[in-house]
Structures are given as C-alpha cells and as structure tokens.
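Student: Take -3 as the starting number for the sequence shown in the working numbering and just add one per residue.
I'd like to ask some things about the structure below.
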Amino acid sequence: MNFDPANTSGTFPHGLRQKLDSAHSAFLDYRHQGMKHLAGMILQEMGADHGASRNGSATSGSLETEVIPSSNASPQAEKSRIKPPGVIFDHQDLLEFAGGKISNVFGPEYGEIDKFERCVRLPMDPYLLVSRVTELNAKLGKFEPSTITTEYDIPKGAWFCTDAQIPWAVAVESGQCDLMLISYLGIDFECRGDQVYRLLDCTLTYLDDMPREGQTLRYEISINSFARHDQNLLFFFNYKCYVGDKMVLRMDNGCAGFFSNEDLAQGRGVIRSKDELKILENAKKQTFTPLLNCDKKQFKREELLHLSEGNPASCFGPDYHFPNQNSSLKMAPESLLMTDRVVSVDINGGPWGLGEVLAEKDLAPDHWYFPCHFKDDPVLAGSLMAEGCVQLLQFYLLYLGVQTRVKDAFFQPVHGLPQVVRCRGQVIPGDPLMRYRMVVKEIKLDPIPYAIADIDILVGERVVVDFRDLGVNWQKKGRNSGSTGNFLKIQKVKK
-3 MNFDPANTSG TFPHGLRQKL DSAHSAFLDY RHQGMKHLAG MILQEMGADH
47 GASRNGSATS GSLETEVIPS SNASPQAEKS RIKPPGVIFD HQDLLEFAGG
97 KISNVFGPEY GEIDKFERCV RLPMDPYLLV SRVTELNAKL GKFEPSTITT
147 EYDIPKGAWF CTDAQIPWAV AVESGQCDLM LISYLGIDFE CRGDQVYRLL
197 DCTLTYLDDM PREGQTLRYE ISINSFARHD QNLLFFFNYK CYVGDKMVLR
247 MDNGCAGFFS NEDLAQGRGV IRSKDELKIL ENAKKQTFTP LLNCDKKQFK
297 REELLHLSEG NPASCFGPDY HFPNQNSSLK MAPESLLMTD RVVSVDINGG
347 PWGLGEVLAE KDLAPDHWYF PCHFKDDPVL AGSLMAEGCV QLLQFYLLYL
397 GVQTRVKDAF FQPVHGLPQV VRCRGQVIPG DPLMRYRMVV KEIKLDPIPY
447 AIADIDILVG ERVVVDFRDL GVNWQKKGRN SGSTGNFLKI QKVKK
C-alpha cells in the first residue's frame, strides 16, 4: 500500500472520524485484555518467566505498592531553592537525582531508597539530556496513569552535534524522564535494589527534521498502564516531543520492566515469530545499481572517522571526491561514533537483495557511555545502540554514492515512518564486542534519496536489539522544515 506521511494529521470525511475513534477504543480494550499475555511473552524472552503460567499470575491496569516512609529522613536534605516560575525540578535537582540522593529531590519520604544498592536514576553527564521538569501528575504508591513534562535546552556547540544538528540518539534519549516518573511513583520501594529498569519496546516516528542547537525540546511523557507477572512489573508509556508548538517526534508503544541480575543473565534475546520468518522467506529480490563504486568491503575505525569529518574520498577512494557539494553529510562526531569497523559489505545481500552490512563496536568498562548510564547500574543506552544503526545506514548510502544526487544536504529521518525497536537483552561492562547485522529492504532516489533497513544488534550469538524500518533520507539545507511529508510517498515493504 502507499504510505503517505502527509495524511497523518489531516481532516477526515464525514463519519470516518467516528469509525476511527470506535476502532481505537476497541483496540485499547483489546490491548488491556492482552497485557497479561504480552507480559508473559516478553518476560519469557527476558528470562524472567520463572517457569510460571503466562496468564495465571499476571495482573494489569492500575496497581498499588507498599511505601515505607523513612523513619530517619536524611538531615542533610537540601533546602528548597528559589526556582523560576513553572519549574518543579531544575537542572541541579536532575543532577542530584542522577548521581546523589533521591530524597534530596523528592523529599524525606523517599529516604529509604537512598539505602538501596541500586535504584532508578537518570543518566549522569554527559548523557543527562534534561534541563528541567515543568509538570508532574503522579502520586507516591499509586501505579496508575501519570504524566511528566520536561524540557531540554540544546546547548550551542554541543559535543554531539553535526553542523548544529542533533543526532538521533539525543532526540530519543532526551525523553528519558519516564525513569523519573516511575521513580516518583515509588517503584524502588518494591524493587529494593534487587531489580533494575530495562527498556523493552518502543515505536519511534519522526514528524519533522532533527532539531538544532539553541532550540528547546519539550517532552510530554505519559505512563498509561501496568502489568505484573510474578515478581516483575512492566509499565507501558509514550511521549511526544515538541519544538515550540510543532511536534517533531513521537514515541508510542513504549514498554519497560524491572528485572533481577538472574533474569537478565538468562534472557534469550529477540525471538522471531513465525510471521516474521515468513516475511523474510517471501521477500522479493530487488536490485539497485550503485552510483559510485568502491572495491573495498572492510573498513577500520580510522577510515570511518573520515566520514565524521565529511571526507568520503579518504574512506572510499578518489571517485568519491566532490568538494563543497555536501559538507554536512557526515556521520556522528568521534565521541559518538558507535561503530569501530565494518567487516563486510554485500551490495546484493540480504533477503531483499539491496544490501547487507556487518559491523562491530568494541566495548570497554571505562568508555564514557557505561559509567554515566547509570550510577551503580552501568548498561549501554538503547538510544546509543539505535544511533549505531542509523550511522550504519548513513555509511551504506554514502558507500553507494547516493550523495551525487543531492547538494548541500543533511541526513534526516524519514517523516511519518514508524520505526519499531525491541530490546531483549542488555549490553554491560564485561561484554567485549557488539555486532550489527543490517539488511536493506528499500532504496529509492526520487523525489529525494532515502533508504529503509532492518538491523539486529548481537552480543555473542544472541540478538539483544531488533530495529525494524529504520528510515534515513537527505534533505537540502534551508528548506522549510517539515516539508518532506508534503511530497514523499514511501511504498512500504509488504508485511
């Protein structure tokens, strides 16, 4: 079918809106009834089903937890500071929540949490990407629908920007305050340091170009429902990201849960369904003729860094030398580069015949992304793994020479295309290597170049992350932001 982003927010013929609302209501009812089964399915993949029935011990909806206020709240609790109007927690509060005492931020009734070995936290610098909290609607001890609104001021000259544009990872990660919201509800009174937060599912849809330095991102984050399965709690959430009054990104179908070390160690990784396997078996082979040719099939980190500097000729060869044509078609800065080597490029590989790329990232406990995410619970952020996927697709488009079809362009997300992420394992200090396996399922040149790919991320032989329908295109600088959806129609791969 034709997928048209321009129709995602338009008006509807008479009667259609009522039918859509009715269908949506039925979907919500079905989703609520299916939470028990969903919880069991997810927890089985995560190694946390404990041999129990998938349905027998699960509950869903609004839940309550027992909160035991601290009998000796910390006398060092920080005195209230004068904050700007409309600010509930400022950046200093967020820094304290990430690396200090929870009770200094939420109050003495949370003092018990500060005694636990681990608790829910925001990332610390340099991956704390929130400036303030402006709204909070939640109650301690009540696992019920709750909301939080946050803002992030993108710094001028930020370390992660490429020619003033933020990367995919920052746009996604700045909506990180579902962590703060679930903490405020009191999850750690239940987990008591024995279970930790892990993201499981989300669907990302970009509705505009990537934001830029100097802008403020506003995230409206909602926890919508909960499901309990034996000792594990899952919650379902979403967010909407705005620049001013314009929504630029939405995250739907978010799911996260709390797991013990044993659960996480026994996780089975992503398990493909029969329907998913059938799609791969029935994929129709296509062809795409590269616009430039490179004989190399393997690339070292030093060569990939040339792409971060906007110098594809030094990576791919002299045929790729087009000075001053696309100075901003770069991969992420070195500190954010999530690929250390490309080990294989097959332009005719994959189920669709449009390309398969294998790549690797070396890991070390002292690399910046482990100590900051999180205190006492180091784990590689899912947003950084997704960033590695984006970078790999950018690499492949440059490898094919698609940049010869554009001038003075930026990499941008395909607007209106839902991108589905499943996380069924963790990447932690001690894991030496992370591998990417990308298959391209669609490439088009007109009206503008774009590509869509599926990527698996593996630790050992286990698929820990499955990223489907990642879409990247190229847009000319200076055009009216958000115009992609007015003309780009994507012929979706049939599923």
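Even for Gly, the Cβ is constructed at its ideal location relative to N, Cα and C.
Take every Cβ of the region 242 to 251, pair it with every Cβ of the region 267 to 275, and state whether three or more of those distances are shorter than 8 Å.
Tutor: no
Student: In or out: Lys357 buried (at least 16 other Cβ within 10 Å) or exposed?
Tutor: buried
Student: Within 10 angstroms of the Cβ of Asn469, are there 16 or more other Cβ atoms? Answer buried if so, exposed if not.
Tutor: buried
Student: Rounding to the nearest angstrom, what Cα-Cα distance links Ser340 and Asp291 in this structure?
Tutor: 12 Å
Student: Apart from the five residues on each side of it in sequence, which residues of its chain come closer than 8 Å, Cβ to Cβ, to Asn426?
Tutor: Reading the sequence as shown, one finds Gly at residue 426 and not Asn. Around Gly426: Pro361.
Student: So, with DSSP's three-state summary, where would you put Pro409?
Tutor: strand
Student: Take the Cβ of Ile183 as the centre, count every other Cβ of all protein chains shown within 10 Å, and call the residue buried at 16 or more, exposed below.
Tutor: With 16 or more Cβ atoms within 10 Å of its Cβ, Ile183 is classed as buried.
Student: Since Ala447 sits in a beta bridge, which residues does DSSP pair it with?
Tutor: Paired residues: Ile439 and Val468.
Student: Quick check: the Cα distance between Leu389 and Leu229, rounded to an integer number of angstroms?
Tutor: Distance between the alpha carbons of Leu389 and Leu229 is about 35 Å.
Student: Are the CB atoms of Gln191 and Ser142 nearer to each other than 8 Å?
Tutor: no
Student: Using only the alpha-carbon positions, how far apart do Tyr316 and Ser331 sit?
Tutor: 25 Å
Student: Say whether the region 403 to 413 touches the region 192 to 210, bearing in mind that this needs 3 or more beta-carbon pairs closer than 8 Å, one atom from each stretch.
Tutor: They touch, by the three-pair rule.
Student: Determine the burial state of Leu429: buried for a count of at least 16 other Cβ atoms within 10 Å of its Cβ, exposed for fewer.
Tutor: exposed
Student: Output the distance between the C-alpha atoms of Gly137 and Val423, rounded to the nearest integer angstrom.
Tutor: The straight-line gap from Cα to Cα measures roughly 31 Å.
Student: Could you tell me the distance, in whole angstroms, from the CA atom of Met334 to the CA atom of Cys157?
Tutor: 15 Å
Student: I need the boundaries of the beta strand (DSSP E) containing Cys251, first residue and last residue.
Tutor: Lys242 to Phe255
Student: With respect to the alpha helix (DSSP H) encompassing Tyr392, which residues constitute its N-terminal and C-terminal limits?
Tutor: Gly378 to Tyr395
Student: Strictly by DSSP, which residues pair up with His302?
Tutor: Partner(s): none; His302 has no beta bridge.
Student: Below 8 Å on the Cβ atoms is my contact criterion, and I expect Met176 with Leu118 to pass it. Report the Cβ-Cβ distance as a whole number of Å.
Tutor: 6 Å
Student: Looking only at DSSP bridge pairs, what is Val239 linked to?
Tutor: Answer is Leu213 and Lys242.
Student: If I'm right that Ile448 touches Asp465 with Cβ under 8 Å, what's the distance once you round it to whole angstroms?
Tutor: Confirmed, Cβ separation roughly 6 Å.
Student: Which same chain residues end up closer than 6 Å to Gln408 when comparing Cβ atoms and leaving out the 5 residues on each side of it in sequence?
Tutor: Asp205, Asn469 and Gln471
Student: Helix, strand or coil, according to DSSP, for Met430 in the structure here?
Tutor: strand
Student: Within 10 angstroms of the Cβ of Glu383, are there 16 or more other Cβ atoms? Answer buried if so, exposed if not.
Tutor: buried
Student: Determine the direct distance from the alpha carbon of Leu213 to that of Gly240, and round the result to whole angstroms.
Tutor: 8 Å
Student: How is the alpha helix (DSSP H) around Cys311 delimited, first residue to last?
Tutor: Pro308 to Phe312
Student: Among the residues of its own chain, which have a CB less than 6 Å from the CB of Gly397, if the five just before and after it don't count?
Tutor: The answer, listed in chain order, is Pro286, Leu287 and Leu288.
Student: Taking the beta strand (DSSP E) that Asn278 belongs to, which residues open and close that run?
Tutor: Element bounds for Asn278: n/a, residue is neither H nor E.
Student: Looking only at its chain, what residues have a beta carbon closer than 6 Å to the beta carbon of Cys187, apart from the 5 residues adjacent to it on each side?
Tutor: Phe254
Student: Just to confirm, are Tyr492 and Ser179 a CB contact at a threshold of 8 Å?
Tutor: Given that the chain is displayed from residue -3 to residue 491, the structure contains no residue 492 and the question cannot be resolved.
Student: Considering only residues of the same chain and omitting the five flanking positions on each side of Met120, which have a CB-CB separation below 7 Å?
Tutor: Result list for Met120: Ala94, Gly95, Cys368 and Lys371, in chain order.
Student: With distance defined between alpha-carbon atoms, name the residue in Ala309, Gln387, Leu394 and Phe231 nearest to Ile343.
Tutor: Leu394
Student: Going by DSSP in three states, Lys97 sits in which element: helix, strand or coil?
Tutor: coil
Student: Between Ile84 and Asn100, what straight-line distance do the alpha-carbon atoms span, to the nearest angstrom?
Tutor: 13 Å
Student: Ile84 bridges to which residues according to DSSP?
Tutor: DSSP, once it has assigned bridges, lists no residue as partnering Ile84.
Student: When DSSP labels each residue in this structure, what does Lys473 get in the three-state scheme?
Tutor: coil
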